[in-house]
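K.L.:
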Ligand code: NI
Ligand code: NI
Ligand code: NI
């Protein structure tokens with residue numbers, strides 16, 4: 851048995867939880883903030899059988915992978931700093947920090 | 851030293867914390883939601899000496915074991931779906947998901 | 851790779867996070883309550899390379915070490931229990947409970 855601590859961006863939590871549930875993985879969600887990832891994040895504790903570890907990691911990679919997004923951000927016009935023009939800007943979102951821990955004993959009651 | 855992650859139902863947290871304290875176990879409580887258990891849950895991190903692991907597990911089993919409870923739930927009367935009659939219904943409460951992790955180094959400062 | 855669970859007093863969290871960031875350590879912060887430490891506490895999950903473990907522990911020791919503080923507390927005057935006189939009282943603050951766990955697999959995506 852392994853216990854995965856996956857710290858993911860808030861934006862990806864719902865997608866990740868849905869993906870894990872679809873594949874039959876159990877998890878609990880812990881509120882966490884700051885640190886590993888720039889914006890708001892959440893820590894999922896995911897319990898997995900040894901032989902399903904790679905499947906679980908695949909779900910995390912798929913649902914949380916870093917990707918670029920074009921957002922339209924007001925940008926100050928050159929020269930006149932109080933005039934802002936909406937400009938497309940590329941930002942990086944997603945990403946996860948993942949720790950896999952060996953579990954010595956696991957049980958449900 | 852072992853670190854126990856016990857995910858328990860909110861309903862059992864107080865009982866479990868009292869039971870652990872009575873036996874001299876130290877723990878911290880982390881807010882968690884969804885996943886392993888259907889309703890609201892809480893994760894306790896419990897630090898235990900190797901030789902006291904079984905004692906700690908015994909406390910968890912005793913305080914969180916799944917049990918049935920009879921609740922009175924309004925049930926639609928057969929045929930007329932807008933008439934509800936209070937009926938005794940058996941629901942399952944309690945339960946816990948428990949991970950025991952080996953601790954490589956432990957200290958208090 | 852190691853994962854440190856450091857349960858520290860709320861009062862020390864900011865100092866500890868600043869100290870860890872200065873030294874280049876990554877962490878996430880989990881809301882926790884009661885148990886290991888008397889007053890409000892916070893759990894930091896800190897991921898560290900094996901060879902930097904001692905450095906990280908040093909930061910925790912430095913930022914969270916138990917120290918005495920003199921506070922002025924209203925104390926009942928001997929005899930007349932409804933008269934309170936401000937008295938300097940020494941209280942112990944700080945302290946941390948620290949678990950170091952071995953990480954089997956670690957990755958960022
Ligand atoms: Ni295992
Ligand atoms: Ni041990
Ligand atoms: Ni390692």
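Protein chains in written order, with our numbering: chain W, 851 to 959; chain G, 851 to 959; chain H, 851 to 959.
Here a beta-carbon is modelled for each residue, glycine too, at the ideal position from N, C-alpha and C.
No experiment lies behind these values; they were computed from the predicted model shown.
#1: List, in chain order, every chain W residue whose beta-carbon is nearer than 8 Å to that of residue 934 of chain H.
#2: At the level of alpha carbons, what is the spacing between residue 860 of chain G and residue 924 of chain W?
#3: Mind the definition here: the stretch 890 to 900 of chain G touches the stretch 860 to 876 of chain G only if three or more C-beta pairs lie below 8 Å; say whether that holds.
#4: Mind checking which residues open and close the beta strand (DSSP E) that includes residue 890 of chain W?
#5: Quick one: list the residues of chain H neighbouring residue 955 of chain G, beta-carbon separation under 7 Å, in chain order.
#6: Mind pulling the chain G residues with CB within less than 8 Å of residue 855 of chain H?
#7: Less than 9 Å between CB atoms is the rule here; does residue 906 of chain H satisfy it with respect to chain G?
#8: Under 8 Å: does the beta carbon of residue 880 of chain H sit that close to some heavy atom of ligand 5?
#9: Let me check one thing: in DSSP terms, what residues is residue 940 of chain G bridge-paired to?
#10: Indicate whether residue 871 of chain H and residue 857 of chain W have their beta-carbon atoms separated by less than 9 Å.
#11: At the level of alpha carbons, what is the spacing between residue 946 of chain W and residue 854 of chain W?
#12: In the DSSP output, what is residue 951 of chain G paired with across the bridge?
#13: Take residue 873 of chain H and list the residues in its own chain whose beta-carbon comes closer than 7 Å to its own, dropping the five residues that flank it on each side.
#14: Thinking just about the alpha-carbon of each residue, which of H:851, H:951, H:957, H:862 is nearest to the one in residue 911 of chain W?
#15: Name, please, each residue of chain H whose Cβ falls closer than 8 Å to the Cβ of residue 915 of chain W.
#16: What distance in whole Å lies between the Cβ atoms of residue 959 of chain G and residue 914 of chain H, which are believed to be in contact at a cut-off of 8 Å?
#17: Give me whichever residues DSSP pairs with residue 897 of chain W in a beta bridge.
#18: Please work out which residues of its chain come closer than 7 Å, Cβ to Cβ, to residue 953 of chain W, disregarding the five sequence neighbours upstream and downstream, and give them in chain order.
#19: Check each candidate in W:943, W:875, W:944, W:938 and name the one with the smallest Cα separation from residue 902 of chain W.
#20: Do we get a CB-CB distance below 9 Å when we pair residue 944 of chain H with the residues of chain A?
#21: Tell me which residue opens and which closes the alpha helix (DSSP H) that residue 905 of chain H is part of.
#22: For residue 942 of chain H and residue 916 of chain H, which I take to be in contact (beta-carbon distance under 8 Å), what is that distance rounded to the nearest angstrom?
#23: Are residue 936 of chain G and residue 920 of chain G touching if we call contact CB-CB under 9 Å?
#24: Thinking just about the alpha-carbon of each residue, which of G:944, G:898, G:932 is nearest to the one in residue 918 of chain G?
#25: Of the residues W:948, W:949, W:955, which one's Cα is nearest the Cα of residue 948 of chain G?
#26: In chain order, what residues of the same chain lie with their CB nearer than 6 Å to the CB of residue 890 of chain G, ignoring the 5 residues before and after it?
#27: Taking just the CA atoms, how far does residue 863 of chain H sit from residue 907 of chain G?
#28: What's the gap between the Cα of residue 932 of chain H and the Cα of residue 940 of chain H?
#29: Are residue 898 of chain H and residue 881 of chain W close, meaning C-beta to C-beta below 9 Å?
#30: Given that residue 947 of chain H touches chain G, what residues does it touch there, using C-beta distances under 9 Å?
#31: Taking Cβ-Cβ distances shorter than 7 Å, what residues in chain H pair up with residue 911 of chain W?
#32: Kindly list, in the order they appear in chain H, the residues whose Cβ is closer than 7 Å to that of residue 882 of chain W.
P.N.:
According to the structure data:
#1: Those do not exist, as residue 934 of chain H stays about 40 Å from chain W at its closest Cβ, beyond 8 Å.
#2: 46 Å
#3: yes
#4: First-last for residue 890 of chain W: undefined, no H or E at that position.
#5: 950
#6: 853, 895
#7: no
#8: This structure does not include ligand 5; its bound ligands are ligand 1, ligand 2 and ligand 3.
#9: G:920
#10: no
#11: 12 Å
#12: G:853
#13: 905, 909
#14: H:957
#15: 959
#16: 6 Å
#17: W:853, W:876
#18: 851, 852, 853
#19: W:875
#20: Here chain A cannot be found, since the structure's protein chains are W, G and H.
#21: 903 to 914
#22: 6 Å
#23: no
#24: G:944
#25: W:955
#26: 860
#27: 31 Å
#28: 23 Å
#29: no
#30: 876, 878, 897, 956, 957, 958, 959
#31: 959
#32: 878, 879, 880
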